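Take the sequence shown: its letter number 150 is residue 324 in the working numbering, and every next letter is one higher.
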Amino acid sequence: MFLQQNFKNWNMSLPSQRIYKFIDRDFQIRYMGMVVSASLLGGLIAGLPIYYYLDQNYIVFIELAQQYSPQIITHLERERVWVSSLLIISFSGLAAFFMFLSYKLTGRIIGPLRVLRNHLRQMSRGKWFLPPVKVRQTDEFQDLIDSYNYFYESFRTHLRQDLELLKKLKVDQEHRESYFIWKSMIEDKTSQLEKSSERV
Numbered sequence: 175m176f177l178q179q180n181f182k183n184w185n186m187s188l189p190s191q192r193i194y195k196f197i198d199r200d201f202q203i204r205y206m207g208m209v210v211s212a213s214l215l216g217g218l219i220a221g222l223p224i225y226y227y228l229d230q231n232y233i234v235f236i237e238l239a240q241q242y243s244p245q246i247i248t249h250l251e252r253e254r255v256w257v258s259s260l261l262i263i264s265f266s267g268l269a270a271f272f273m274f275l276s277y278k279l280t281g282r283i284i285g286p287l288r289v290l291r292n293h294l295r296q297m298s299r300g301k302w303f304l305p306p307v308k309v310r311q312t313d314e315f316q317d318l319i320d321s322y323n324y325f326y327e328s329f330r331t332h333l334r335q336d337l338e339l340l341k342k343l344k345v346d347q348e349h350r351e352s353y354f355i356w357k358s359m360i361e362d363k364t365s366q367l368e369k370s371s372e373r374v
C-alpha cells in the first residue's frame with residue numbers, strides 16, 4: 175500500500191530553471207562536435223553547388239548588363255553581396271541551431287544518469303534515508319528512473335521490516351557477545367534508514 179501511494183509521486187520534476195552549464199563536459203562537447211560537424215558537412219554539400227551556380231549566373235547577368243543595360247550592374251553587385259551574406263548567415267545559423275539542440279538533448283540524457291549515479295553512490299554508503307530520485311518530466315529515461323525508484327523503495331521497506339523483526343527478538347543480556355551483535359545490527363540498520371548529521 176505504501177509503495178502504491180508513493181510510486182505516483184516519485185517522478186515529479188525538478189525546478190524547470192536548470193542552470194545552463196555542462197553536466198558532463200567531455201561527453202557533451204564530443205557529441206555536440208559530431209552533430210555540428212555532420213550538420214556543417216550537410217550544409218556544405220548542399221550550399222556549395224548552390225553558391226557556385228548562383229555565382230555563375232551573376233557573371234552571365236553582369237556580362238549581359240554591360241552590353242545592354244550598364245545602369246543595373248550596381249544593383250546586381252549589391253544583390254550578389256546580399257545573397258552571399260544570406261548564405262553565410264544561414265550556414266552559421268544552422269551550426270548554432272544544431273549546437274544548441276545537441277546541448278539540450280545531451281543534457282536530457284546525461285542529467286538523469288548523473289542523478290542516478292550519485293544516488294547509487296550514496297546508497298552504497300548505507301544512506302537509505304535519501305528520497306527517491308527525481309528528474310524533470312522533459313528528461314529521458316523516465317521508465318528507468320521509475321523502475322529504479324520502485325526497487326529502491328521496495329528495498330527500504332524490506333530493511334524496515336528487518337529492523338522491526340530485530341527489535342522484536344528477545345536477546346539475553348547475559349550472553350554479551352550475542353547481545354552486542356544484536357544491538358550493533360539494530361544500530362546499523364537504524365543509521366541507514368534515518369537521516370544523520372553525517373549526511374553529505
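Just so it is clear, CB atoms sit at the ideal spot from N, CA and C, and this is done for glycine as well. Treat the numbers as computed from the prediction; the structure is a model and nothing was measured.
Range covered by the alpha helix (DSSP H) that runs through residue i
i: V255; result: I247 to S298
i: D198; result: From DSSP, D198 is part of no alpha helix (DSSP H); its letter is neither H nor E.
i: D346; result: It is not in any alpha helix (DSSP H) - D346 carries neither H nor E in the DSSP assignment.
i: K342; result: Q316 to K342
Spatial neighbours of residue i in its chain, beta-carbon cut-off 8 Å, leaving aside the 5 residues before and after
i: S352; result: V345 and D346
i: Y225; result: S258 and L261
i: I246; result: A239
i: L304; result: H293, Q296 and M297
Exposure of residue i, with buried meaning 16 or more beta-carbon neighbours within 10 Å
i: R300; result: First, the residue type needs correcting, since residue 300 is Gly and not Arg in the sequence shown. The residue is exposed, with fewer than 16 neighbouring Cβ atoms inside 10 Å.
i: F272; result: buried
i: D313; result: buried
i: H332; result: exposed
i: G207; result: exposed
i: H349; result: exposed
i: N323; result: buried
i: I284; result: buried
i: K195; result: exposed
Chain-order list of residues whose beta-carbon lies under 7 Å from that of residue i (same chain, five-residue window excluded)
i: K341; result: I360
i: L268; result: S213 and G217
i: L339; result: none
i: D336; result: K363
i: F265; result: G217 and G221
Sequence-distant residues of the same chain with beta carbon closer than 6 Å to residue i, five excluded per side
i: F315; result: P286
i: W356; result: V345
i: H249; result: none
i: Q202; result: F196 and T280
Cβ separation of residue i and residue j, assumed to be a contact under 8 Å, to the nearest whole Å
i: R330; j: L290; result: Actually they do not touch by this definition, with Cβ atoms about 16 Å apart.
i: L261; j: G216; result: That pair is no contact at about 14 Å.
i: S276; j: V209; result: 4 Å
i: R295; j: I197; result: No, R295 and I197 are not in contact; Cβ-Cβ is about 16 Å, not under 8 Å.
i: Y232; j: R254; result: 5 Å
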